[in-house]
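Quick notes on the structure that follows.
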Amino acid sequence: MTETYELTDLDKLEAESVHIFREVAATIERPGLLFSGGKDSVVMLHLATKAFWPAPVPFPIMHVDTGQNFDEVIEFRDKVVDKYGLRLIVASVQDDIDAGRVHEEYPGAPRNRLQTVTLLRGIRENQFGAVFGGARRDEEKARAKERVFSFRDEFGAWDPRNQRPELWSLYNGRHRKGENIRVFPLSNWTELDIWTYIRDEQIELPPLYYAHKRQVVERDSMLYAVNRFIVPGEGETVFEETVRYRTMGDATTTGCVQSSAATPEAVVEEVAAARLTERGATRGDDRISEAGMEDRKKEGYF
Amino acid sequence: MASQLLRIATAGSVDDGKSTLIGRLLYDSKAIFEDQLESVSATSQARGHAAPDLALLTDGLRAEREQGITIDVAYRYFATPKRKFIIADTPGHIQYTRNMVTGASTADAALILIDARNGVLEQSRRHAFLASLLGIPHLIMCINKMDLVDYSQDRFEEIRTEFRRFATKLEVGDLSFIPVSALAGDNVVSVSENMAWYEGTSLLHHLEDLHVASDRNLIDARFPVQYVIRPHQSTDAVLHDFRGYAGTVAGGVFRPDDDVTILPSGFSTKVKAVWGPGGTPLKEGFADQAVTLELTDQIDIARGDMICRPANRPHSAQDIDAMIAWMDERSSLTPGATYTIQHTTRSTRASIKDLEYRLDINTLHRDEAATGLALNEIGRVRLRTQQPLQFDPYRRNRETGSFILVDEATNNTVAAGMILGPSLRESNVVWHGGAVNREQRATSGLTVWLTGLSGSGKSTVAVELERRLVAAGRPAYLLDGDNLRHGLNSDLGFSAEHRAENVRRVGEVAKLMADAGVVAIVSLVSPYRADRDRARTAHEEAGLPFLEVFMDTPLEVCEERDPKGMYAKARAGEITGFTGIDDPYEAPQSPDLLLRPTDGDAAALAAVVLERIDRLEGNV
Ligand SMILES: Nc1nc2c(ncn2[C@@H]2O[C@H](COP(=O)(O)OP(=O)(O)O)[C@@H](O)[C@H]2O)c(=O)[nH]1
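Just so you know, the protein sequences line up as chains A and B, in that order. Residue numbers for the first sequence follow this note's numbering, so the first one is 1 and each next one is one higher. Residue numbers for the second sequence follow this note's numbering, so the first one is 1001 and each next one is one higher.
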């Protein structure tokens, strides 16, 4: 062994994320971790368990439930909660619809945009001082300027022109009651880093992430699996394809890609060679406008 | 060997081609996805450009798109088979000094653009200065738009020479120059045929090969305690007693069995185990690693404490000199103001005692008449903190030498600070005769004289007192009567005459130390009043403070303790002339401080002495 004391890039990313978790636990009251069952939130939770070892994760996880989930994801979520002995809080979009706080455009419409209201309510009701989110800066332009500790006012809003400077590894999580800090421990990870880490650490994911055979339809040049949310319309042809998912969003808008990558190793290879961003490829909701993400973040979205 | 991370901060004046260069790096290293490229092509076409404008790839928020400028730090990611890169892309205008400082704070390398047609401009110098202020070890000057100067070697050399001359004023570890054309791609990813005269490597190769592992401080072991892990799991006996100190190693290496000292308490113990995240047992934890340390002794340790090696400690001080970059647009730094200071994992309050000068970051001129620092201004200040900070100068360690100031009213981060060192005392004194007088010394001294019977507990209190003073950053030295008899006073016995000489010598040594700025702690039976008074007089004549502390432990108690078995021997008649048995102890009639064993343990008694010192020095 050489005595150069070098860390590999993944070790360094891991160390930085662990540092962030500990910093929040030490300085901010009542943190919570946003857990969707998507790979980023799974990696984030995995890092949290490593940060506090041998103690349990010292905060609850919250699932903002659109009510339009892949069954596999909910099953997976409950299994993880069991495995780590976590406290799970479910903030349900359906509750907000039922209470008239938000309105569905039409029954079965995508609920991604509605999530923001539910998320903010969940934060308020649980008095979270900090909420961990799995967003990465490489995902999207507006995110590239996001801080690791992102200050949100009492309306949950993000003000890109008024962000706190963030220097060295000194994080300022001070806030008043009602305000909160969104914390992004995966800020500096790329999609490839995430997958390489999943492979190296053998982290379990919902099975949908790996190639399997599905009945699909093609819409707007994206593939959607036929299930209770995606009902083939007239003139749409259903065909069988070997596919996998690159993200886990609302089941009505999350598409899959044709792929034969059935193992983490194969996915790493595929991602390394990919020529489309994961959001561009499979998230209908981000295609709405060029500034889609920026507008949503200002409203309080992650 | 798996790949390593390289963090780069970029800066350039508007239109020097920074966005184009970054776009080129991303594009040529295939970090650009097709959908991103398509969106850029569409926008370029809409704006009437023939080819896709690579600069658009790195362009972020809508406000910026509309104004056509970059307003904040944006982070970009790309990787080659050799390395993963994170670019902190910062705007170059003076108005955005704040952003460049932010991006530079974590960078391993700075990439600064110069337009070959314009040469070294004021802003190029400013960018280089900021890079050096923030301690970025590697500075890479990209002379861009070489295509517009006919790829001229002369022009390149001219710019290089001029910049080198300026750079001698800066602290730059590693400076390199690369002629490129961001637009055409010359020397960006591969070496250009258009500049055969250039013998160096392409920018990308240069970045891939940059050696940064030794830029960290691997010598001074520093571990700011971040979080205490106590599982409290009653079901598991081992876990129940587990107490781990979690944090990120800020310098050096920690191994199991290492002797360590905890600051500010000054207690020492050993490392029992070093754990990586998730409980991987480690043979060593080194700088940048997030670890959990287990220690052999149960010591009260909290977040904000600093673990180091006993013989290699950081500075501990409350008066600190630092460079400050002001980052708030709604307020400015003014002497006298108080802020929350975040340094390593410690938060305390700091007030600005003095603004020594404001630095013109274009000319490096020092304006000593300045009365404040506004947004994007940089200056040198003297701070006083409520609790002592354990720090190293920023030049020596970026982790333990940096801090931020937070406005207590708005909770905003208002300043970034780089510590120069402990403040020397305010020295607006007149120098005379070339000799240093006492006021000019960094610290002021005094003598604490502990007198009392053998076994009264003087030494225990003295040891504790010394430890605490040193931990608080104050030079202190223990003069122990028993130990001095082995050296300085080895020629002396226990006759009244020799006892008097013994006390005189110790008194003189203490006086010299106090004069030199040290707290001399004397632990000496010194049974005769007249001898002690002589020592006091010697100090008073020299204008040095002298505190007589009487350790008033009853003889029966001392005799019962009898730590060295001397009382037993004296009673048995094996030794004669033993103080308290067959030689008198003349107790002080009006000591400056009287300590009784019933007042508390050694730590409590030492605290009483410290308080007395504070009162003497008018600090409370
Ligand atoms: N001829 C030439 N033009 C360049 C070069 N690099 C950038 N440019 C042009 O200079 C202008 C400013 O470039 P940009 O990257 O937006 O500059 P920034 O303001 O530093 O980000 C654009 O029109 C670029 O196409 C180069 O190497 N050669």
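Beta carbons are placed, not taken as given, at the ideal position from N, Cα and C, and that holds for glycine.
Quiz prompt | Cβ-heavy atom distance, B/Val1014 to ligand 1, below 7 Å | solution = Checking the 7 Å criterion, the Cβ of B/Val1014 is within range of a heavy atom belonging to ligand 1.
Quiz item: What in chain B is Cβ-close to A/Lys12, meaning under 8 Å?
Solution: Those within 8 Å of A/Lys12 in chain B are Gln1004, Leu1005 and Asp1288.
Exercise. Jot down the residue ranges of each uninterrupted beta strand (DSSP E) in the segment 1064 to 1144 of chain B, minimum 3 residues, whole runs only, in chain order.
Key: As summarised for the segment 1064 to 1144 of chain B, the continuous beta strand (DSSP E) elements at least 3 residues long and confined to that stretch are 1074 to 1079, 1083 to 1089, 1109 to 1115 and 1138 to 1144, given in chain order.
Quiz item: With DSSP run on the structure shown, which of helix, strand or coil describes B/Ala1568?
Solution: Helix.
Self-check item: Residues in the segment 1201 to 1220 of chain B having any Cβ partner in chain A nearer than 7 Å
Solution: Those would be Ala1213 and Leu1218, in chain order.
Self-check item: Selection from A/Trp168, A/Asp138 and A/Lys83 that minimises the alpha carbon distance to B/Ala1416
Solution: Of A/Trp168, A/Asp138 and A/Lys83, the residue nearest in Cα terms is A/Trp168.
Practice problem: Please find out if some non-hydrogen atom of ligand 1 comes closer than 7 Å to the beta-carbon of A/Ala144. | Solution: The answer is no for A/Ala144.
Quiz item: So, are the CB atoms of A/Leu192 and A/Ala272 less than 8 Å apart?
Solution: Yes; because the gap between Cβ atoms is below 8 Å, this pair is in contact.
Self-check item: Chain-ordered neighbours of B/Arg942 on chain A, where CB pairs are closer than 9 Å
Solution: Not covered by the structure: residue 942 of chain B. The range shown for chain B is 1001 to 1620.
Quiz item: chain B partners of A/Asn172, CB-CB under 7 Å?
Solution: Within chain B, the residues near A/Asn172 are Gln1342, Ile1404, Val1406 and Thr1413.
Quiz item: Across which residues does DSSP place B/Met1418 in a beta bridge pair?
Solution: Under DSSP, B/Met1418 forms a beta bridge with B/Met1323 and B/Ser1402.
Quiz item: Which residues in chain B sit within 9 Å of A/Val73, going by Cβ to Cβ distance?
Solution: Under the 9 Å cutoff, chain B gives no residues; its nearest Cβ is about 25 Å from A/Val73.
Practice problem: Starting from A/His46, follow the alpha helix (DSSP H) in both directions and report where the run begins and ends. | Solution: Unbroken alpha helix (DSSP H) run through A/His46: Lys39 to Phe52.
Exercise. With a threshold of 7 Å, establish whether the CB of B/Ser1423 neighbours any heavy atom of ligand 1.
Key: No, since every heavy atom of ligand 1 falls outside the 7 Å radius drawn around the Cβ of B/Ser1423.
Quiz item: What did DSSP end up calling B/Leu1170 once you bin it into helix, strand or coil?
Solution: In this structure, DSSP gives B/Leu1170 a state outside helix and strand, which the three-state scheme calls coil.
Quiz item: In the DSSP assignment, what are the bridge partners of B/Trp1197?
Solution: The beta-bridge partner set that DSSP reports for B/Trp1197 is empty.
Self-check item: One or two residues paired with B/Cys1308 in a DSSP bridge
Solution: Bridge partners of B/Cys1308 according to DSSP: B/Arg1222 and B/Thr1261.
Self-check item: Simplified DSSP assignment, three categories, for B/Leu1293
Solution: Assignment of B/Leu1293 by DSSP, reduced to helix, strand and coil, places it in the strand class.
Practice problem: Kindly provide the ranges of any alpha helix (DSSP H) runs that are 4 or more residues long and lie completely inside the segment 1523 to 1607 of chain B, ordered along the chain. | Solution: Restricting attention to alpha helix (DSSP H) runs no shorter than 4 residues, the segment 1523 to 1607 of chain B encloses them at 1529 to 1541, 1555 to 1561 and 1566 to 1571, ordered along the chain.
Quiz prompt | Reference B/Arg1504, options B/Val1522, B/Tyr1027 and B/Ser1444, closest by Cα | solution = Taking each of B/Val1522, B/Tyr1027 and B/Ser1444 in turn and checking the Cα distance to B/Arg1504, the smallest one comes out for B/Val1522.
Quiz item: How big is the Cα-Cα spacing for B/Val1414 and A/Glu146?
Solution: Cα-Cα distance, rounded: 18 Å.
Quiz item: Relative to the C-alpha of A/Pro232, which residue among A/Tyr245, A/Val243 and A/Glu218 is closest?
Solution: Out of A/Tyr245, A/Val243 and A/Glu218, A/Glu218 has the C-alpha closest to the C-alpha of A/Pro232.
Practice problem: Using the Cα positions of B/Leu1061 and B/Val1073, report the straight-line distance between them to the nearest angstrom. | Solution: Since pLDDT at B/Leu1061 reaches only 43, below the 50 mark, its modelled position is unreliable, and the value read off the structure follows with that caveat. Near 11 Å, if we compare the C-alpha coordinates of B/Val1073 and B/Leu1061.
Exercise. May I ask whether a heavy atom of ligand 1 can be found less than 7 Å away from the beta carbon of B/Ala1074?
Key: False, no ligand heavy atom lies under 7 Å from that Cβ.
Self-check item: Inter-residue spacing [alpha-carbon to alpha-carbon] between A/Phe229 and A/Ala55
Solution: Using only the alpha carbons, I get a separation of about 40 Å.
Practice problem: For B/Gln1589, I'd like the list of residues in its chain whose CB is within less than 7 Å of its CB, leaving aside the five on either flank, ordered along the chain. | Solution: Within the same chain, no residue comes within 7 Å of B/Gln1589 by CB-CB distance, once the 5 residues on both sides are set aside.
Practice problem: For the segment 1290 to 1302 of chain B, enumerate the residues whose C-beta is nearer than 7 Å to any C-beta of chain A, in chain order. | Solution: From the segment 1290 to 1302 of chain B, only Ala1290 have a Cβ closer than 7 Å to chain A.
Quiz item: Got a sec: does ligand 1 put a non-hydrogen atom nearer than 7 Å to the Cβ of A/Gly122?
Solution: No, the beta carbon of A/Gly122 sits no closer than 7 Å to any heavy atom of ligand 1.
Quiz item: Starting from A/Ala26 and walking both ways along the alpha helix (DSSP H), at which residues does that stretch end?
Solution: Per DSSP, A/Ala26 belongs to the alpha helix (DSSP H) from Asp9 to Thr27.
Exercise. For B/Asp1360, I'd like the list of residues in its chain whose CB is within less than 7 Å of its CB, leaving aside the five on either flank, ordered along the chain.
Key: Annotation for B/Asp1360: Asp1367 place their beta carbon closer than 7 Å to its own, counting only its chain and skipping 5 residues before and after.
Quiz item: Going by Cα to Cα distance, which pick from B/Tyr1394, B/Asn1412 and B/Gly1401 is closest to B/Thr1340?
Solution: Shortest Cα-Cα distance from B/Thr1340 to any of B/Tyr1394, B/Asn1412 and B/Gly1401 involves B/Asn1412.
Self-check item: Cβ pair B/Leu1450, B/Val1549 closer than 8 Å
Solution: In this structure, B/Val1549 lies closer than 8 Å to B/Leu1450 by Cβ.
Exercise. Kindly list the residues whose CB is nearer than 8 Å to the CB of A/Phe52, restricted to its own chain and excluding five residues on each side of it in sequence; keep chain order.
Key: Same-chain partners within the cutoff: Phe21, Arg22, Ala25 and Pro58.
Practice problem: Check whether the Cβ of B/Tyr1096 lies closer than 8 Å to any Cβ atom in chain A. | Solution: Against chain A, the CB of B/Tyr1096 has no partner CB under 8 Å away; the residue lies outside that interface.
Quiz item: Would A/Lys50 pass as a contact of A/Ile194 if the rule is Cβ separation under 8 Å?
Solution: Taking 8 Å as the Cβ cut-off, A/Lys50 and A/Ile194 do not qualify as a contacting pair.
Quiz item: CB-CB under 6 Å to B/Tyr1528, same chain, minus the five flanking residues each way: which ones, in chain order?
Solution: Within the same chain, B/Tyr1528 has close Cβ partners Glu1586.
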